[in-house]
Amino acid sequence: MQLDSARADRVAAMVLFAIGMASLYGGWTMDRLEVRRIHPASIPGLVPMILGLLLAVCAGLLWLSARRERPAAEGGAGMESWRDAGVALGLCLVYALVLVGNLTFFWATAIFVASFVAVFGGAGGQGGRALLLRLAAAAGFGLASSGLIAVLFRYAFLVRLP
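Its first residue numbered 542, the sequence shown is counted upward by one per residue in this note's numbering.
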C-alpha cells in the first residue's frame with residue numbers, strides 16, 4: 542500500500558485528533574482530589590486535558606494543510622520514507638528497550654537525541670570537517686536537551702528520574 546503525502550497526512554490527522562480527544566475526555570473524567578482535602582483547583586487531569594486539546598488543534602491544522610496540498614507524482618520517494626521510518630523506529634526501540642534502565646535518564650536521553658539529530662539532522666554526503674561539525678552539534682544538542690528535560694522533570698514536575 543502506498544499513500545501519497547496528502548492522504549497520509551489526512552489519515553494521521555484523524556488518528557491524532559482521536560487521541561487528542563480521548564486525552565481531553567480522560568483528563569476531564571479523572572478523579573478529583575477533594576476527598577483528600579486538596580484544593581479543587583489542583584486538577585490532576587489538567588495536563589492531559591491541555592495536551593489533548595493541543596494535539597487535537599495540531600491535528601486540525603495538519604488536516605487543513607493536507608487539503609490544500611496537491612498530490613504529486615513521486616516515483617522513488619516511497620522507499621526512502623519507509624527506510625527513514627524504519628531507522629526512526631529502530632532508534633526509538635533501542636532507546637526504550639536498551640538505554641532506559643541500563644543508563645541514567647540523562648545519558649540515555651542524551652545518546653538518543655544526539656543519535657537522532659546525527660541521522661536526520663542534515664544533508665548526507667558531507668565530508669571531513671562538515672561531518673565532524675555536524676556530529677559535534679548533534680552531541681551538543683543531545684546533552685543540552687537531555688539536561689533541560691531532566692531539570693524540567695525534577696524541579697517543575699517534581700518527578701525523580703532514574
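All C-beta atoms, glycine included, are put in the ideal place defined by N, C-alpha and C. No experiment lies behind these values; they were computed from the predicted model shown.
Cβ-based burial, residue i [other Cβ within 10 Å; buried from 16]
| i | result |
| --- | --- |
| MET542 | Note on MET542: pLDDT 43, under 50, position unreliable in the model; the coordinate value appears next. Counting Cβ neighbours within 10 Å, MET542 comes out exposed, since fewer than 16 surround it. |
| GLY688 | exposed |
| PHE698 | exposed |
| VAL654 | buried |
| VAL658 | buried |
Under 8 Å between C-beta atoms of residue i and residue j
| i | j | result |
| --- | --- | --- |
| MET562 | ALA607 | no |
| LEU574 | MET590 | no |
| VAL660 | VAL635 | no |
| GLY683 | ILE652 | yes |
| MET685 | PHE646 | A small fix is needed here, since residue 685 is Ala in this sequence, not Met. No, these two residues do not count as a Cβ contact at 8 Å. |
Residue i versus residue j - alpha carbon distance
| i | j | result |
| --- | --- | --- |
| LEU632 | ALA679 | 15 Å |
| PHE558 | VAL552 | 10 Å |
| GLY668 | ALA649 | 28 Å |
| LEU676 | GLY662 | 10 Å |
| THR568 | TYR696 | Per the sequence shown, the amino acid found at residue 568 is Gly instead of Thr. For GLY568 and TYR696, the distance between alpha carbons rounds to 23 Å. |
Whole-Å CB distance - residue i paired with residue j, under 8 Å assumed
| i | j | result |
| --- | --- | --- |
| ALA600 | ALA554 | 5 Å |
| ASP550 | LEU602 | That belief does not hold up - the Cβ atoms of ASP550 and LEU602 are roughly 10 Å apart, past 8 Å. |
Problem set entry | Every unbroken alpha helix (DSSP H) inside the stretch 642–686 [4 residues or more] | 646–661
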